[in-house]
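Q: In case it helps, our numbering puts the sequence shown at residues 5 to 421.
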Amino acid sequence: MRILHLVHQYPPDYVGGTELYTQQLAAQLVARGHDVAVFFRRDGAEASLEGWREPGGARVWAATSRPVTPTGRFLATFGDQLLDAALAQVLREEQPDVVHVQHLLGLPASLPVQLRRRGLPYLLTLHDFWWVCANAQLVTNYDETICAGPRLWLNCARCALARAGRGGLWPLSPALVPLLAMRAARLRPVWEGASRLIAPTRFVRALYGELGLPEERIMVVPHGIALPRKMPARTRPATGNLHVGYVGGIAWQKGVHVLVEAVAGIPDNAVQLTIYGNMAAYPDYARALRQMAPRAPIHFAGQVDRQQLWQELVHLDVLVVPSLWYETAALVIQEAFAAGVPVVASNLGALAERVRHNVDGLLVPPGDSAALRAALLTLAQDRERLVQLSLGIQPVRTIAAHVDEIEALYRRAVYGH
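1) With a 10 Å radius around its C-beta and 16 neighbouring C-beta atoms as the bar for buried, classify GLU148 as buried or exposed.
2) To the nearest angstrom, how far is the alpha carbon of ALA417 from that of TYR126?
3) What separation, rounded to the nearest whole angstrom, lies between the Cα atoms of ALA90 and LEU130?
4) Using DSSP with H/G/I as helix, E/B as strand and the rest coil, what is ALA161?
5) Which same chain residues end up closer than 7 Å to VAL359 when comparing Cβ atoms and leaving out the 5 residues on each side of it in sequence?
6) Between ALA343 and ILE279, what straight-line distance do the alpha-carbon atoms span, to the nearest angstrom?
7) Where do the N-terminal and C-terminal ends of the alpha helix (DSSP H) with PRO276 fall, by residue?
8) Helix, strand or coil for HIS9? Go by DSSP, reduced to three states.
9) Among the candidates ASN282, ARG387, GLN315 and PRO326, whose CA atom is the shortest distance from the CA of GLY306?
10) Would you list the one or two residues that DSSP bridges to MET223?
11) Am I right that THR81 and PRO112 are in contact with their C-beta atoms under 8 Å? What's the rounded C-beta distance?
12) For the stretch 62-75 against the stretch 388-399, do three or more pairs of beta-carbon atoms, one drawn from each stretch, fall closer than 8 Å, so that the two count as touching?
13) Could you tell me the distance, in whole angstroms, from the CA atom of GLU54 to the CA atom of LEU24?
14) Within the same chain, show all residues whose beta-carbon is closer than 6 Å to that of GLY249, passing over the 5 residues directly before and after it, in chain order.
15) What did DSSP end up calling LEU246 once you bin it into helix, strand or coil?
16) So, with DSSP's three-state summary, where would you put PHE44?
17) Distance, Cα to Cα, ARG206 vs VAL224?
18) For HIS303, report the span of its beta strand (DSSP E) as first-last.
19) Going by Cα to Cα distance, which pick from LEU211, ARG221, GLY228 and TRP56 is closest to PRO399?
20) For the stretch 262-346, list the alpha helix (DSSP H) runs that are entirely contained and at least 4 residues long, ordered along the chain.
21) Rounded to whole angstroms, what is the Cα-Cα separation between SER52 and ASP101?
22) Which runs of the beta strand (DSSP E) spanning at least 3 residues fall entirely within the stretch 61-99, listed in chain order?
23) Specify whether the stretch 288-304 and the stretch 245-263 touch according to this definition: at least 3 beta carbon pairs, one from each stretch, less than 8 Å apart.
24) According to DSSP, which residues form a beta bridge with ARG57?
25) Which residues in the same chain as SER69 place their Cβ atom closer than 7 Å to its Cβ, once the five residues preceding and following it in sequence are excluded?
26) Looking at the structure shown, is SER114 part of a helix, part of a strand, or coil, going by DSSP?
27) Taking the alpha-carbon positions, what's the PHE341 to ALA203 distance?
28) If you check the beta carbons only, do LEU352 and GLY21 fall under 8 Å apart?
29) Can you tell me the Cα-Cα spacing of ARG63 and ARG401, whole angstroms?
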């Protein structure tokens, strides 16, 4: 089959969960003999369309329209003639049989209209909550709490003002309601027109159902991970300090400060923490983390690539995922399990679906540094329990198993069986 992926960003310009997923899926599909291309938006001052072939075999098309700002990404949903024209050219070049919409942040909702006009079936993966939340995370910008979804878009308008640095103008929120209602109206035909909606977890499927999407049309296809050819051997001793790791974004909603606060309060350096992540993405937050516990046994190791990650995971006793927002997939948990490392995570969203409490890890209340500290102290003082959690880890789902299901959905969309 000839397959085209639509995604908002793509490596090497941007490396995030959705972007890496799209890149890995494309490479896997090429390896299975499919003809695969990727279309994404690139930041730049002048309009252009650039194409190249990745080492894995997929063709990549980068369309530049105008400089991308947070406001520009939001407004792009309502239309961008340059991006419409760029996709039209790519469709003529690629002649895909099926299109997989990964994300449309910063892309116009009119792109899938082109697909329907040409009679092209498309699938849509719900990687986050952007389809019902312009903030994508169901976390408010004005008080940084989890949101239950749009309430006549008044709360969404207040969130938009806070994101623009105009939180003090929240009494003017009603003036923005028509724009946010229009956004929902533009996006509705996109997900309604998809051959299949795909969710990475049962939690995502259920929450989208509560927020207005037809749950019966959403199929759960769990992500899988690409395992190394040879897994490094675990090297952690059965005694000594508990070595804890965090891998992911260095941002408030990831709850890294909760973990730092928890470790800083543990006496006698019984727990050592290594934080892997890009400290430059949110420099003010990163600086605050360093200042929280200057004398605690906490090492900021910076960002690591996927190959190096496996080398680091096997040196950990436990991985912590302290997120304060609804994670939708949390592949790092599967990666930790593949390395035999138990996980302590927030009892929230898909994390509570991934981690089985007292079986392969522990679940703690989100944002509760005292509860997290107690959980880590328990594991530091009871190594036998840590061993039992490791033994409770089940084999992880591979990306090959995931691609099997996605490939079957493509065939059904194209051939009807």
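We put the CB at the ideal spot given by N, CA and C, even for glycine.
A: From the atom records:
1) Numbered from 1 along the sequence shown, position 144 holds the residue referred to as residue 148. Counting of Cβ neighbours within 10 angstroms places GLU148 among the exposed residues, the total staying below 16.
2) Numbered from its first residue, the sequence shown carries residue 417 at position 413. Numbered from its first residue, the sequence shown carries residue 126 at position 122. For ALA417 and TYR126, the distance between alpha carbons rounds to 8 Å.
3) Here residue 90 refers to the residue found at position 86 when the sequence shown is read from its first residue. Here residue 130 refers to the residue found at position 126 when the sequence shown is read from its first residue. C-alpha separation (whole angstroms): 24 Å.
4) As a first step, residue 161 must be located in the sequence shown, where it is residue number 157. In the structure shown, ALA161 sits in a helix (DSSP, three-state: H, G or I).
5) Along the sequence shown, read from residue 1 onward, the residue named residue 359 stands at position 355. Scanning its chain for C-beta atoms nearer than 7 Å, with the 5 sequence neighbours on each side dropped, one finds around VAL359 the residues ILE337, VAL347, ALA349, GLY365 and LEU367, in chain order.
6) The count along the sequence shown starts at 1 and reaches residue 343 at position 339. The count along the sequence shown starts at 1 and reaches residue 279 at position 275. The alpha-carbon atoms of ALA343 and ILE279 are separated by roughly 17 Å.
7) Against the sequence shown, residue 276 aligns to sequence position 272. In the sequence on display, residue 276 carries Gln and not Pro. Here GLN276 belongs to no alpha helix (DSSP H); instead the beta strand (DSSP E) covers 275-280.
8) To locate residue 9, count along the sequence shown from 1; it is residue 5. Assignment of HIS9 by DSSP, reduced to helix, strand and coil, places it in the strand class.
9) Locating residue 306 in the sequence shown gives position 302, where the first residue counts as 1. Per the C-alpha coordinates, the member of ASN282, ARG387, GLN315 and PRO326 positioned closest to GLY306 is ASN282.
10) Walking along the sequence shown from the start, residue 223 turns up at place 219. Per DSSP, the beta bridge partners of MET223 are ILE202.
11) Taking the sequence shown and counting its residues from 1, the one referred to as residue 81 is at position 77. Taking the sequence shown and counting its residues from 1, the one referred to as residue 112 is at position 108. Between THR81 and PRO112 the beta-carbon gap is near 6 Å, inside 8 Å, which marks them as a contact.
12) Using a Cβ-Cβ distance cut-off of 8 Å, the stretch 62-75 and the stretch 388-399 are not in contact, since fewer than three pairs of beta carbons, one from each stretch, lie closer than that value.
13) Translated into positions along the sequence shown, residue 54 becomes position 50. Translated into positions along the sequence shown, residue 24 becomes position 20. One alpha carbon belongs to GLU54, the other to LEU24, and they sit about 20 Å apart.
14) The residue given as residue 249 occupies position 245 in the sequence shown. Only residues of its own chain outside the window of five on either side were considered, and among them THR278, LEU320 and LEU323 have a CB closer than 6 Å to the CB of GLY249, listed in chain order.
15) The residue you call residue 246 lines up with position 242 of the sequence shown. Note: LEU246 maps to strand in three-state DSSP.
16) The sequence position of residue 44 within the sequence shown is 40, counting from 1. Here PHE44 sits in strand by DSSP.
17) Position 202 of the sequence shown, counted from the start, is the residue given in the question as residue 206. Position 220 of the sequence shown, counted from the start, is the residue given in the question as residue 224. Computed Cα separation, rounded: 6 Å.
18) Residue mapping note: residue 303 aligns to position 299 of the sequence shown, counting from 1. Element bounds for HIS303: 302-304.
19) Taking the first residue of the sequence shown as 1, we reach residue 399 at position 395. PRO399 has its Cα closest to that of GLY228, out of LEU211, ARG221, GLY228 and TRP56.
20) List check, alpha helix (DSSP H) in window: 287-296, 310-317 and 335-342.
21) The count along the sequence shown starts at 1 and reaches residue 52 at position 48. The count along the sequence shown starts at 1 and reaches residue 101 at position 97. If you take the alpha carbons of SER52 and ASP101, they lie about 25 Å apart.
22) As summarised for the stretch 61-99, the continuous beta strand (DSSP E) elements at least 3 residues long and confined to that stretch are 63-68, given in chain order.
23) Yes, since at least three Cβ pairs between the stretch 288-304 and the stretch 245-263 fall closer than 8 Å, the two stretches touch.
24) Residue mapping note: residue 57 aligns to position 53 of the sequence shown, counting from 1. In the DSSP output, where bridge partners are listed per residue, ARG57 has ARG63.
25) Looking up residue 69 in the sequence shown gives position 65. Once the five neighbours on either side are set aside, the close Cβ partners of SER69 are ARG45, ALA51, ASP84, LEU86 and LEU87.
26) Along the sequence shown, read from residue 1 onward, the residue named residue 114 stands at position 110. Look at SER114 here: in three-state DSSP terms it is coil, with no helix or strand label.
27) As a position in the sequence shown, residue 341 is number 337, starting the count at 1. As a position in the sequence shown, residue 203 is number 199, starting the count at 1. Cα to Cα, PHE341 sits roughly 21 Å from ALA203.
28) Mapped onto the sequence shown, residue 352 falls at position 348. Mapped onto the sequence shown, residue 21 falls at position 17. The Cβ atoms of LEU352 and GLY21 lie no closer than 8 Å to each other.
29) Mapped onto the sequence shown, residue 63 falls at position 59. Mapped onto the sequence shown, residue 401 falls at position 397. The straight-line gap separating the alpha-carbon atoms of ARG63 and ARG401 is approximately 27 Å.
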